[in-house]
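Below: the structure, in structure tokens.
There are 2 protein chains.
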Amino acid sequence: MKKHFGEYIKQLRNEGGFTLTQLGAKLDLDSANLSKIENGKRDFNEKSLGKLASVFKLDINKLKTEFFSDIIAKKLYQNGCSTDALIVAEEKVKYLKKINLKQTEVDL
Amino acid sequence: MKKHFGEYIKQLRNEGGFTLTQLGAKLDLDSANLSKIENGKRDFNEKSLGKLASVFKLDINKLKTEFFSDIIAKKLYQNGCSTDALIVAEEKVKYLKKINLKQTEVDL
DNA sequence: TTTGACTTGTCGCTTTACGACAAATTTATA
DNA sequence: TATAAATTTGTCGTAAAGCGACAAGTCAAA
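From first to last, the protein sequence lines are chains A and B.
Each step along the first sequence adds one to the number in our numbering, with nothing skipped, and position 79 is 79.
Just so we're on the same page, our numbering is the position in the second sequence counted from 1, plus 1000.
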């Protein structure tokens, strides 16, 4: 288990044998900033997930799961919020998808 | 099931028989902004959860669950992210709590 | 048709996000 | 151990997001 998404990137980078500067270039990121990300002092920019996936030939959906689970865990942890919120969130996602389907029917 | 946290506030407000202006005053919020919140056009400010809890005598932890589940659901839904992230997030929260405990021991 | 409740649009300030560069520190290797 | 590369840390400036405020609009009740 990794403490944060940055550790995951670091692992990928090391496995790929890249320096911070090399990987940074591929991700349009300063090596200094990439370092902070890997060490959990800054968050990876959500908008760059696609680039990361293509550099390492990763499934974007798996990557999103890794990334967002991190964001969510941090949010709950920092706010001292019960993980009950996760159960409720799952229901809500289902509900949002359902009403979106209905709305699409209406739009047609 | 409510579409968003704003609907939840609206329900509380109606049950309490308040106008937007009245509840807004209690929450230090403009009636216009409260209206937007109730209609999902703006998010309720996380920092005001305490006030909301005390106005309606709600358990702050329940309220947090309601609030953060909403944030999380929206994030997953908007990003087309699998709810697998929720399972992973739960593991991560456990892990964060565990390493925090260990760190506390070291600090002592 | 006036009044109160609610909604919508928009402005401006504050906070946060984030890329960039400089400088310090660590690590590797000749 | 000298030095060069790799990594880390500090900080700045701009960009974007968050959010309160006010004005002007709609809508419903009397």
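Using N, Cα and C, we set each Cβ at its ideal position, and we do this for glycine too.
For residue j and residue i, believed in contact at Cβ under 8 Å, the rounded distance
i, j, result
"lysine 1092 of chain B", "aspartate 70 of chain A", "7 Å"
"phenylalanine 67 of chain A", "phenylalanine 5 of chain A", "6 Å"
"isoleucine 99 of chain A", "lysine 1003 of chain B", "7 Å"
"leucine 1052 of chain B", "leucine 1076 of chain B", "So it is not a contact: roughly 24 Å between Cβ atoms."
Residue i, buried or exposed, once every other Cβ within 10 Å from all chains shown has been counted against 16
i, result
"glutamate 38 of chain A", "buried"
"lysine 1097 of chain B", "exposed"
"lysine 1057 of chain B", "exposed"
Neighbourhood of residue i by C-beta distance below 6 Å, restricted to the same chain and skipping five residues each side
i, result
"leucine 34 of chain A", "Leu20, Gly24"
"lysine 1036 of chain B", "Arg1042"
"asparagine 79 of chain A", "none"
"arginine 1013 of chain B", "Leu1023"
"valine 1055 of chain B", "Lys1026"
"glycine 1016 of chain B", "none"
Sequence-distant residues of its chain with Cβ nearer than 7 Å to residue i (five each side left out)
i, result
"glycine 40 of chain A", "Lys3, His4, Gly6"
Residues of its chain near residue i, where Cβ-Cβ distance is below 8 Å and the 5 sequence neighbours each way are ignored
i, result
"aspartate 30 of chain A", "Gly24"
"threonine 83 of chain A", "Leu76"
"cysteine 81 of chain A", "Lys75"
Q. How about the stretch 1030-1045 of chain B and the stretch 1002-1020 of chain B: do they share at least three Cβ pairs that are nearer than 8 Å?
A. yes
Q. Are the stretch 45-61 of chain A and the stretch 1054-1067 of chain B touching by the rule of at least three beta carbon pairs closer than 8 Å?
A. no
Q) Counting pairs of beta carbons, one from the stretch 83-94 of chain A and one from the stretch 1098-1106 of chain B, are three or more of them closer than 8 Å? A) no
Q) Taking only runs of the alpha helix (DSSP H) that begin and end inside the stretch 1004-1074 of chain B, which ones reach a length of at least 4 residues, in chain order? A) 1005-1016, 1020-1026, 1031-1038, 1049-1055
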